[in-house]
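**Q** Protein sequence lines, in the order shown, are assigned to chains A and B.
Quick note on numbering: the numbering used here labels position 187 of the first sequence as 187, and the sequence is numbered without any gaps.
Quick note on numbering: the numbering used here labels position 49 of the second sequence as 49, and the sequence is numbered without any gaps.
Cβ coordinates follow ideal geometry from the N, Cα and C atoms, glycine included.
There are 2 protein chains.
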Amino acid sequence: MSKEFALPVVRNSVDTIRLLAADAVEKANSGHPGTPMEAAPIAYLLYMKHLRHNPTNPDWAGRDRFILSCGHASALIYSMLHLTGYDLSLDDIKNFRQFGSKTAGHPEFRHTPGVETTTGPLGQGVAVAVGMAMGGQYLAQNVDDELFDYRTWVICSDGDLMEGVSAEAASLAGHLRLGNLNYLYLDNKITIEGDTALAFSEDVGARYLAYGWHVERVEGENMAEIDAAMERAKNDPRPSLIVARTHIGQGAPNKQDTHDAHGAPLGAEELALTKQAYNRSPEESFVVPAEVAEHMRSCLARGAELEKAWQQQLAAKQATPVVADWLAVANGDLPAGWDAALPEFAAGDNKATRQASGAAINGLAPNMPLLIGGSADLGPSNNTEIKGERSWLPGQSGRNIHYGIREHAMGSIMNGLAHTPGVIPFAGTFFVFADYMRPAMRMAALMGIAPIYVLTHDSIGLGEDGPTHQPVEHLASLRAMPNMTVIRPADANETVEAWKAAITNRQGPTALVLTRQGLPTVDREKFSGADGLQRGGYVLAAEEGDLRLILIATGSEVQHALAARETLQAEGVGTRVVSLPSWELFEAQEQAYRDEVLPPACAARVAMEAGTSFGWERYAGSVIGMSSFGASAPAGELMKHFGFTAENFVARAKELLG
Amino acid sequence: MSKEFALPVVRNSVDTIRLLAADAVEKANSGHPGTPMEAAPIAYLLYMKHLRHNPTNPDWAGRDRFILSCGHASALIYSMLHLTGYDLSLDDIKNFRQFGSKTAGHPEFRHTPGVETTTGPLGQGVAVAVGMAMGGQYLAQNVDDELFDYRTWVICSDGDLMEGVSAEAASLAGHLRLGNLNYLYLDNKITIEGDTALAFSEDVGARYLAYGWHVERVEGENMAEIDAAMERAKNDPRPSLIVARTHIGQGAPNKQDTHDAHGAPLGAEELALTKQAYNRSPEESFVVPAEVAEHMRSCLARGAELEKAWQQQLAAKQATPVVADWLAVANGDLPAGWDAALPEFAAGDNKATRQASGAAINGLAPNMPLLIGGSADLGPSNNTEIKGERSWLPGQSGRNIHYGIREHAMGSIMNGLAHTPGVIPFAGTFFVFADYMRPAMRMAALMGIAPIYVLTHDSIGLGEDGPTHQPVEHLASLRAMPNMTVIRPADANETVEAWKAAITNRQGPTALVLTRQGLPTVDREKFSGADGLQRGGYVLAAEEGDLRLILIATGSEVQHALAARETLQAEGVGTRVVSLPSWELFEAQEQAYRDEVLPPACAARVAMEAGTSFGWERYAGSVIGMSSFGASAPAGELMKHFGFTAENFVARAKELLG
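What follows is the structure, encoded as structure tokens:
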């Protein structure tokens, strides 16, 4: 076996991978050379032998997935993509980390062909990989097990495995027995502050065994050993962790095994010495020997063949209803009639928006077979259950995922599911715990992928659980995030519209912010239709007589705006109520529409929202909000205490009108 | 051994704990009865035998600490506090979860005597406990090992151990061999969605062994077994995990071992049946038998004696310099001369504020022996190292903590350190990764404790690492959080002032937001002094002639405001520059001062900040900020691309002035 790796061209290829990466970092005068250098043998084995991929079609749905979780080692993946024939030139590598180049500092999804997901923030890649493996398993079990027998491979570092998100994800992956998931862990014993022994002396392998994983230990330069371990990993029904003892900066005579090789160029002198150590000319840079180029581009023929066989399978099966259904949505289109069974609610009902959301989910699910739900152990509270569908259990990919009390992994796994062609993931937790998964939500926003968060118990209106469970700053903190759409519907029918908006927005994540407590369902005969939500904000109740005042509210406070308007109109004050469930959707409208809803001439505006007033200055001069945390008490008392009442709306309006 | 627990009064006490909790939940019609019921024997053993505490003085510095990490089981701790003689009456228990009562929905620090830290968000308590144990070890090793031989005890649930933050914290605790830390884990096999087997089948004990912990397994109703395990835990040099197989709702005939016993009252009927099962009258509520009251209040005499012995030790040692130094700061006062060695920087230097921060830290450290630093493996980048001081290694409590790549645990551990009398913790990470520890930062803000976050690489100004590492929305998202003080200094001398503000603010956390890149040190002869920072915002450069325009900026953009002012003044436009490093400090000033800095009459204001413009409407009609994520490129190019230049300031100002 080991003979196959003793060929000079193999060694030469591995060294080319290392040195291309080191040259790229050197030229950019910025980046991380050490990890690409240590990981080259593993990356070679992966791309050349184990990974089923087609460099000319990185989007081929049947491909194996590869994630470089230690995204700072980006020069590694760029070396591999170039050498194996992806659309990434040597010039791209020379432009490493420059404005607009394909070779960004960390690998970026949709920016570089062959990059499956954006990585860099440690722990995200390994956790997203769990979601990708789940997505593959879901398609295999529910669409076709031959077409979707793909595997997810990960190269990761000690930083990835120290992060809590990876621990959560690994526990779930072991539980669910994701045999299609393999981690290659670069155990290099070095972190930025020095030896990993400064902070990290646990037995990682034993920990993963405790999670129910298959664990292998290999030497990072022993290609035969690594190859055999990868082979066993593919055949094990459990997820696999291959612990590879590697040496950061492998081959750099003075910097190998030191943190100097981590986050800065090797420096001209050390780089020259390194090249000498690899029997290369110290003067030449970005060298790809002809035999290496030819050898590594064998991936092109292998990839073309792999995809061809798959496409033949697909052609043979495409008439099967379930495969046809998948094909119809694989490129991001919605299935025909997806919204046909959404509910409509009669006026007057006292319904929590979380309940309306549950009804909306169950209206969508029958017509959207790849809508997959779940919750971080709050399903009954979040109303996220798809009724009549199975739980996702070990070996059984159902549509209701029990993420456990693991919000952060849930967020990252949703990203992995969102990367799966055709799949739309949603999942729930309490709104306050959005903080736990915020780093994953940011990654979704950054990548422009579109998981849907069901965030219930959205204010002090949750009552007795008190300030630890009462979101205050969360609306502002999510609205501040680029490409995150936040929607806080005012009643049951706005909630249905919010779900429509979330489903049709496939360019970024949507956060649905929902009440625990019941809210009156607005009479849409008397006031405007809930479809105004699609524009983010709309005139829910027009003024009678001249417009003198605008009351703006979201969610549970809209009822108070309507009640306050009654009082004020009775006193002859022309009062308009604007429901503003989504700032992002509203700000995406043309100026004319926005001015129609909020005429610039009318400066007398009072806004109310049961959360921090931070940011509301954009819309209103007078804001009824919070500047402190909440308290533990029944919801009604809290709402009164903090001033979220119709009376307070009226009082503030009168103050403003003088 | 087991005879001691066979006494009728012991059983009666344990049952009283359970039933008081169940009664409290029933009366409030809200809360969690099941966990207090299962945990009663453990809580009894802890409070009555193992925990060194004095109910009449919950602040006694030498006490053992106890954290109920599963804070939703708050009725348990309230039962214990009442029965063992803390200042918490039976009426308080009857007012469970009512406005203003001492018995909030989740245990709240400073709100209820005997509650060591606020819990509820799962995983926080167990991680804070690691910080408390570290704080105790630090005092033992660096002040006095007899006075501070206290232990930290935790009761926790499966939810706590599923959360990633607890995994990070446990890995570090095992590494550091915190023998003074003991977890009592209620392994009840039930979560909200059903059996834990839905989502959680890992071998928790094996995982903790892999972390280097001592692990015991006991039956939750076998008091002799639990007692023996606790005894062994106290004598083991490793942190200990006692896995207790418990039964949620223990003794409730129809709800035990079901999730119906988790988050809702048992209901009148089931509660009556439960009381019958415990041989109590089903009609009576809130019953504390006289023998139980007497028996459990033995904690008072035991506690008084324990504290008396400790106070005698303290009296004997209080003249020792190191003990005297501790006494001087134990109640939160700062040591005399704490700021005597802070640096001052000459004008013109090109110094990153992270560098100035490093200098400030090393100016403070010699005069503040209980200032303890660290970083999540970014020490050299965050400039957080206290020079000449030791690393915190296993068995060696140094002042430089290597948290590893575990930001979330770092945040929680800092909270535990901040709970340690006299200790002020600070620690660093990249600003963008504040998201990873946001839930812990929120807990600090909520509790009003005061760790200091050193958040470097604060904008696109970090350059090539790209959008995954470039904070955009982070200033807004932290400013939105109640009781969080955010400071983004403009130069080296403002950075020193920012450290002063952070040190003197002992009522809440401070986030210091610092550049990677060099910034010119402002000429304070020519412009105002940096001490203006203490008021949050100040006139850095006054207008010449009539005030026509105000340029507002923070951090790295202040230099552009000064340069733009030069240009505009040369053209005769009276231009003021306001440096606004901290909104919170500014808004704490009286209105007159704020109007002096930002005269309401001058509406021509342009603000610039290299982050989202979200929230800036509060101060300026025209804002130069970002609405998207950043990109990977050299910092200078990015700053130009996104418009953070003096030229753009000038252009925008002219646009505004017409």
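1. Assuming contact is defined by CB atoms lying nearer than 8 Å, are S556(B) and T515(B) in contact in what I supplied?
2. So, with DSSP's three-state summary, where would you put G220(B)?
3. So what does DSSP say about R18(B), is it helix, strand or coil?
4. Could you tell me which chain B residues have their CB closer than 8 Å to the CB of I192(A), listed as they occur along the chain?
5. Going by CA-CA distance only, name the one from D187(A), G85(A), H469(A), I248(A) that's closest to C156(A).
6. Reducing DSSP to helix, strand and coil, say where L68(A) ends up.
7. Would DSSP call A603(A) helix, strand or coil?
8. Can you find the residues in the same chain that come closer than 6 Å, C-beta to C-beta, to E4(B), ignoring five residues on each side of it along the sequence?
9. Can you tell which of G123(B), P265(B), G62(B) has the C-alpha that lies nearest to the C-alpha of M37(B)?
10. Would you mind telling me which residues of chain B sit closer than 7 Å to D435(A), beta carbon to beta carbon, in chain order?
11. Could you pull out every residue in the same chain whose Cβ sits closer than 8 Å to the Cβ of A304(A), ignoring the five residues on either side in sequence?
12. Given a threshold of 16 other Cβ atoms within 10 Å of its Cβ, counted over all protein chains shown, does P394(A) qualify as buried or as exposed?
13. Would you grab the beta carbon distance between P425(B) and I372(B) for me? Rounded to a whole angstrom, and I think it's under 8 Å.
14. What's the gap between the Cα of P33(A) and the Cα of T645(A)?
15. Output the distance between the C-alpha atoms of P600(A) and A347(A), rounded to the nearest integer angstrom.
16. Can you check which of these residues, L46(A), L45(A), E108(A), is closest to S74(A) by C-alpha distance?
17. Alpha carbon to alpha carbon, how far is E389(A) from D203(B)? Give it in angstroms, no decimals.
18. Identify the residues that DSSP records as bridge partners of H538(B): which are they?
19. Does M1(A) have its Cβ less than 8 Å from a Cβ in chain B?
20. With distances taken between CB atoms, is the gap from T521(A) to D491(A) smaller than 8 Å?
21. Run down chain B in chain order and give the residues with a C-beta less than 8 Å from the C-beta of M134(A).
22. For the alpha helix (DSSP H) containing M296(B), list its first residue and its last residue.
23. Would you list, in chain order, the members of the stretch 111-127 of chain B that have their beta-carbon closer than 7 Å to a beta-carbon of chain A?
24. Determine the direct distance from the alpha carbon of G363(A) to that of G85(B), and round the result to whole angstroms.
25. Ordered along the chain, which non-local residues of its own chain (more than five positions away) have a Cβ less than 8 Å from that of V432(B)?
26. In angstroms, rounded to a whole number, what distance separates the CA positions of S281(A) and L46(A)?
27. Is it buried or exposed for A309(A), if we count other Cβ within 10 angstroms and need 16 for buried?
28. Based on the DSSP secondary-structure assignment, which residues constitute the bridge partners of V215(A)?
29. If we count the other Cβ atoms within 10 Å of its Cβ and call it buried at 16 or more, is E571(B) buried or exposed?
30. Using the DSSP secondary-structure output, state which residues sit across from K351(A) in a beta bridge.
31. Can you look up V650(A) in the DSSP assignment and give me helix, strand or coil?
32. In whole angstroms, give me the CA-to-CA distance for M1(B) and E231(B).
33. If contact means a Cβ-Cβ distance below 8 Å, which residues of the stretch 162-177 of chain A contact chain B?
34. According to DSSP, is T670(A) part of a helix, a strand, or is it coil?
35. Please list the terminal residues of the continuous beta strand (DSSP E) segment that includes V486(B).
36. Whether or not the stretch 190-210 of chain B and the stretch 237-246 of chain B are in contact is what I'm after, with contact meaning three or more pairs of Cβ atoms, one per stretch, closer than 8 Å; do they touch?
**A** Let's see:
1. yes
2. coil
3. helix
4. Within chain B, the residues near I192(A) are D377, L378, G379, P380, S381.
5. D187(A)
6. strand
7. coil
8. none
9. P265(B)
10. R438, P439, R442
11. N54, T56
12. exposed
13. 5 Å
14. Distance between the alpha carbons of P33(A) and T645(A): 60 Å.
15. 32 Å
16. E108(A)
17. 29 Å
18. The residue asked about is misnamed: residue 538(B) is Tyr in this sequence, not His. Per DSSP, S579(B).
19. Because the pLDDT at M1(A) is just 44, under 50, the model does not fix this residue reliably, and the value given afterwards should be weighed accordingly. Not an interface residue.
20. Yes. Within cutoff.
21. Listed by position along chain B, the residues whose Cβ is nearer than 8 Å to that of M134(A) form an empty set, because the closest Cβ is around 13 Å away.
22. Where M296(B) is concerned, the enclosing alpha helix (DSSP H) stretches over 290-296.
23. T118, G120, P121, L122
24. 55 Å
25. Cβ neighbours of V432(B) within its own chain (closer than 8 Å, five residues either side excluded): H457, T468, H469, Q470, P471, H474.
26. 28 Å
27. With fewer than 16 other Cβ atoms within 10 Å, it is exposed.
28. L241(A)
29. Its Cβ having fewer than 16 others within 10 Å, E571(B) is exposed.
30. Per DSSP, L519(A).
31. helix
32. In this prediction, M1(B) has a pLDDT of 43, which is less than 50 and means its spatial position is unreliable; what the coordinates show is noted afterwards. Spanning the two alpha carbons is a distance of roughly 12 Å.
33. Within the stretch 162-177 of chain A, the residues whose Cβ lies closer than 8 Å to some Cβ of chain B are M162, E163, G164, V165, S166, A167, E168, S171, L172, G174, H175, listed in chain order.
34. This structure cannot speak to residue 670(A), because chain A is shown only from 1 to 658.
35. 485-487
36. yes
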